[in-house]
Amino acid sequence: MTVLFNDYYLNILVMTCLWAALSGAWNLMAGYGGLVSLGQSAFFGIGAYVTAIVYTKYGISPWFGLIAGMIVTTGLAVAISWPCFRLRGAFFSLATLVFPIAMEIVANNWSDMTRGPSGIAIPFRPGLDTFIFSSRSAYLIAAFILMMIVYGITRWMHRGKLGLYLIAVRDDEATAQSMGINTVKVKLIVTIMSAALTAVGGFFYAQYILFLDPPSVFSINISVQIALLSIIGGLGTPLGPIVGSLVMTPLDGVLSQFFGGGVRLLIYGIALLAAVLLAPKGIVGTVKAWRRP
Amino acid sequence: MLDILPQLLVSGLLIGGVYGLLSIGLTLIFGVLRIVNFAQGEFIMLAMFGAFWLHALWGIDPYLSIFIVTPVVFGLGLLTERVVIKPILHAPHAMQIFATFGLSVVLQNLALTFWGPDYRSVQTEYASQSFIIGNVAVSATSLYAFIVAFLMAAILIGFLQFSRDGKALRAMVQNRYAASLMGVNTERLNRIAFGAGVACAAVAGCILTPIYYTFPTAGVDLIITAFVVVVLGGLGSVAGAMVGGLIIGVTQTLTGFFISVELKDVIALVLFIVILLVRPQGLFGRAGMEEIGTK
Numbered sequence: 001m002t003v004l005f006n007d008y009y010l011n012i013l014v015m016t017c018l019w020a021a022l023s024g025a026w027n028l029m030a031g032y033g034g035l036v037s038l039g040q041s042a043f044f045g046i047g048a049y050v051t052a053i054v055y056t057k058y059g060i061s062p063w064f065g066l067i068a069g070m071i072v073t074t075g076l077a078v079a080i081s082w083p084c085f086r087l088r089g090a091f092f093s094l095a096t097l098v099f100p101i102a103m104e105i106v107a108n109n110w111s112d113m114t115r116g117p118s119g120i121a122i123p124f125r126p127g128l129d130t131f132i133f134s135s136r137s138a139y140l141i142a143a144f145i146l147m148m149i150v151y152g153i154t155r156w157m158h159r160g161k162l163g164l165y166l167i168a169v170r171d172d173e174a175t176a177q178s179m180g181i182n183t184v185k186v187k188l189i190v191t192i193m194s195a196a197l198t199a200v201g202g203f204f205y206a207q208y209i210l211f212l213d214p215p216s217v218f219s220i221n222i223s224v225q226i227a228l229l230s231i232i233g234g235l236g237t238p239l240g241p242i243v244g245s246l247v248m249t250p251l252d253g254v255l256s257q258f259f260g261g262g263v264r265l266l267i268y269g270i271a272l273l274a275a276v277l278l279a280p281k282g283i284v285g286t287v288k289a290w291r292r293p
Numbered sequence: 001m002l003d004i005l006p007q008l009l010v011s012g013l014l015i016g017g018v019y020g021l022l023s024i025g026l027t028l029i030f031g032v033l034r035i036v037n038f039a040q041g042e043f044i045m046l047a048m049f050g051a052f053w054l055h056a057l058w059g060i061d062p063y064l065s066i067f068i069v070t071p072v073v074f075g076l077g078l079l080t081e082r083v084v085i086k087p088i089l090h091a092p093h094a095m096q097i098f099a100t101f102g103l104s105v106v107l108q109n110l111a112l113t114f115w116g117p118d119y120r121s122v123q124t125e126y127a128s129q130s131f132i133i134g135n136v137a138v139s140a141t142s143l144y145a146f147i148v149a150f151l152m153a154a155i156l157i158g159f160l161q162f163s164r165d166g167k168a169l170r171a172m173v174q175n176r177y178a179a180s181l182m183g184v185n186t187e188r189l190n191r192i193a194f195g196a197g198v199a200c201a202a203v204a205g206c207i208l209t210p211i212y213y214t215f216p217t218a219g220v221d222l223i224i225t226a227f228v229v230v231v232l233g234g235l236g237s238v239a240g241a242m243v244g245g246l247i248i249g250v251t252q253t254l255t256g257f258f259i260s261v262e263l264k265d266v267i268a269l270v271l272f273i274v275i276l277l278v279r280p281q282g283l284f285g286r287a288g289m290e291e292i293g294t295k
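Quick note, the sequences are listed as chains A and B, same order. Mapping of the first sequence onto the numbering used here: position 46 corresponds to residue 46, and the numbering continues sequentially without gaps. Mapping of the second sequence onto the numbering used here: position 74 corresponds to residue 74, and the numbering continues sequentially without gaps.
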């Protein structure tokens, strides 16, 4: 038992829950709405940065930073997604790909706020008001709750009217519109939900890792990894992101112990390719197909 | 201030020609296969490493290595089409995006594993040469790159206009289904289009090696510009890609000089979004092109 609960394994468990939550938030947009965003790391990074800036620069509790981060992120998500909804398929992805790149440039150059490339170190002051804990178990509980919230929202959507509307929009937007669905409104709602939840993930990351710099939160690799977990687990299923993260995050932890960045990402890329080519329905979808032949 | 304007315009146009060359392969692949190849930058990067090693090991000039690297990358393209592209031709677009994205991650990290993260450069004796015309200086390597870019575009446009396969490809760009009914072997042409598309990337990679650094993530920096250019010119249009390249090249050079170097990259991104929103079919694209291939 002590082996299982040492810091190394606890860290992997925390990251598994965090990635599952982030991927689940992406799954809302991409899996249900067909909005294949490659810009999630922009939401993640803004959530993290706003939290860190509010806390370190102004000394205000990160909980307010969380709220501020969610407001900023959702505002930005609306501002940038609304016009992009006119774009279809790969064009939407291309447009969203641009935002993390732009944010990284902003974070690198707006040194007064973000301290530029040198990054922000968050002072270690444990407490519930700072959302910094000396034991990793506390983080694990929080990350697990976050993951379950995302799962719960996804399940609720999966069954409910919003989910059905989204699937209709994803499968055939013109028909959905002619059936009286306000497609823009539906897409906007799911984007706001996804962005807000991703910002919560950013807040958690900031208060857990206690250090931020532009590449560590705005990298496109984060967007890709978020998507990858849902694709491997099963796109458009509530359980998919969790299953994907349960498989891939511990694997990633083990791989990073033995290999440097190159080989680790190489295996990651091969996993992504293999998943798309061999099991496009993901683990959950494939298992379901077996059970119901 | 204004006497530097001709110099800036010439530099911008020279860079723009290379941007155009980066983009014509991407536009060809999208036009025919309806797939945005996110791994296009990695084929450029592989060609750069090809040209680099040919020079480092046997002293082969980067411009000569075009004739060695391009056929090899063309073959690599045929193989990629078979293994990665063909199975996803009719898949949902999320799968198409992540298949080519996955390919780009694999190629990048293969290069990283084999050759390490170092920035390498090819030193040629003509690298520092430049021609002075009036009060405008033109560096030799940029001029050669510009000439090769337009030669390549001319060859590609000639192939599309006059050859039998080229005509069939254009028919497929207009309507795949009708083309197949007219007896066009669409599977074979898919392969040719993808091979030719990455071959364009290979030529671009070779002419970039004397100007730019060679490193595993070089493709990432280049592909974003290529996306902007392609969207501006109109996806599927080769001429549009060349014109788009020139426009972006000049815009970047002017903003870089008159406003700030950091803004140079942001301006391309802003331009990209604005074009997508205002005129999604691009300058030369047909209306509705951006809606095709998404279902």
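Quick reminder that beta carbons are idealized off the backbone N, C-alpha and C, glycines included. Computed from a predicted structure; not experimentally measured.
Member of the options whose CA lies at the smallest distance from the CA of residue i
i: residue 91/A; options: 36/A, 44/A, 115/A; result: 36/A
i: residue 82/A; options: 31/A, 68/A, 185/A; result: 185/A
i: residue 217/B; options: 216/A, 214/A, 221/A; result: 221/A
i: residue 72/A; options: 43/A, 61/A, 88/A; result: 43/A
i: residue 233/B; options: 31/B, 8/B, 6/B; result: 31/B
i: residue 230/B; options: 11/B, 29/B, 10/B, 4/B; result: 29/B
i: residue 102/A; options: 135/B, 279/B, 270/B; result: 270/B
i: residue 204/B; options: 64/B, 112/B, 9/B, 275/B; result: 64/B
i: residue 108/B; options: 267/A, 100/A, 134/A; result: 267/A
i: residue 219/B; options: 9/B, 125/B, 202/B; result: 202/B
i: residue 8/B; options: 264/B, 254/B, 284/B, 260/B; result: 254/B
i: residue 60/A; options: 131/A, 34/A, 167/A, 78/A; result: 131/A
i: residue 187/A; options: 86/A, 204/A, 105/A; result: 86/A
i: residue 183/A; options: 58/A, 32/A, 96/A, 57/A; result: 32/A
i: residue 303/B; options: 272/B, 263/B, 247/B; result: No answer is possible for residue 303/B: the residues shown for chain B start at 1 and end at 295.
Residue burial classification, residue i (beta-carbon count within 10 angstroms, cutoff 16)
i: residue 1/A; result: In this prediction, residue 1/A scores a pLDDT of 46, lower than 50, which makes its location untrustworthy; the coordinate-derived value is nonetheless stated afterwards. It counts as exposed.
i: residue 52/B; result: buried
i: residue 293/B; result: With a pLDDT of 36 at residue 293/B, under the threshold of 50, the modelled position of this residue cannot be trusted, and the question is left open.
i: residue 248/A; result: buried
i: residue 19/A; result: buried
i: residue 175/A; result: exposed
i: residue 157/A; result: buried
i: residue 281/B; result: buried
i: residue 45/B; result: buried
i: residue 295/B; result: In this predicted model, residue 295/B has a pLDDT of only 28, less than 50, meaning its place in the structure is not dependable; the value taken from the coordinates is given anyway. Exposed, since its Cβ has fewer than 16 Cβ neighbours within 10 Å.
i: residue 185/B; result: exposed
i: residue 179/B; result: buried
i: residue 132/B; result: exposed
i: residue 90/B; result: exposed
i: residue 278/B; result: exposed
i: residue 62/B; result: buried
i: residue 79/B; result: exposed
Expected contact under 8 Å - CB spacing of residue i and residue j to nearest Å
i: residue 226/A; j: residue 233/A; result: No, residue 226/A and residue 233/A are not in contact; Cβ-Cβ is about 12 Å, not under 8 Å.
i: residue 108/A; j: residue 240/A; result: Rounded, the Cβ-Cβ distance is 34 Å, inconsistent with contact.
i: residue 281/A; j: residue 289/A; result: 6 Å
i: residue 214/A; j: residue 117/A; result: 6 Å
i: residue 149/B; j: residue 20/B; result: 6 Å
i: residue 200/B; j: residue 156/B; result: 7 Å
i: residue 275/A; j: residue 231/A; result: 6 Å
i: residue 250/B; j: residue 17/B; result: Contact flag wrong, Cβ pair sits at about 11 Å.
i: residue 209/B; j: residue 48/B; result: 5 Å
i: residue 198/B; j: residue 76/B; result: 7 Å
i: residue 155/A; j: residue 62/A; result: No, residue 155/A and residue 62/A are not in contact; Cβ-Cβ is about 29 Å, not under 8 Å.
Chain-ordered neighbours of residue i on chain B, where CB pairs are closer than 8 Å
i: residue 86/A; result: 277, 280
i: residue 98/A; result: 224, 269, 272, 273
7 Å Cβ cut-off: residues of chain B touching residue i
i: residue 270/A; result: 106
i: residue 231/A; result: 98
i: residue 102/A; result: 266, 269
i: residue 36/A; result: 93, 94, 97
Neighbouring residues, chain A, relative to residue i (Cβ below 9 Å)
i: residue 262/B; result: 105, 108, 109
Contacts of residue i in chain A (Cβ-Cβ under 8 Å)
i: residue 96/B; result: 90
Under 7 Å from the C-beta of residue i: neighbouring residues of chain A
i: residue 229/B; result: What residue 229/B touches in chain A: nothing, since even the nearest Cβ is about 12 Å away.
i: residue 91/B; result: 280
i: residue 102/B; result: 269, 272, 273, 276
Three-pair Cβ contact test at 8 Å for the region 162–173 of chain B versus the region 106–123 of chain B: At 8 Å Cβ cutoff, the stretches do not touch.
Cβ contact check for the region 70–88 of chain B and the region 186–198 of chain B: 3 or more pairs under 8 Å: By the criterion of at least three beta-carbon pairs nearer than 8 Å, the region 70–88 of chain B is in contact with the region 186–198 of chain B.
Contact the region 257–272 of chain B vs the region 59–79 of chain B: 3+ CB pairs below 8 Å: Result no; under three Cβ-Cβ pairs closer than 8 Å.
Three-pair Cβ contact test at 8 Å for the region 8–16 of chain A versus the region 130–147 of chain A: Contact holds: three or more Cβ-Cβ distances are below 8 Å.
Stretch pair the region 110–118 of chain B + the region 237–249 of chain B: three plus CB contacts closer than 8 Å: The region 110–118 of chain B, when compared against the region 237–249 of chain B, does not touch it at the 8 Å Cβ threshold.
Interfacial residues, the region 114–148 of chain B to chain E, with Cβ spacing under 9 Å: The chain inventory of the structure shown lacks chain E, comprising the protein chains A and B.
Inter-stretch contact (C-beta, 8 Å, three-pair minimum) for the region 40–60 of chain A and the region 196–206 of chain A: Below 8 Å, enough C-beta pairs join the region 40–60 of chain A and the region 196–206 of chain A to call them touching: three or more.
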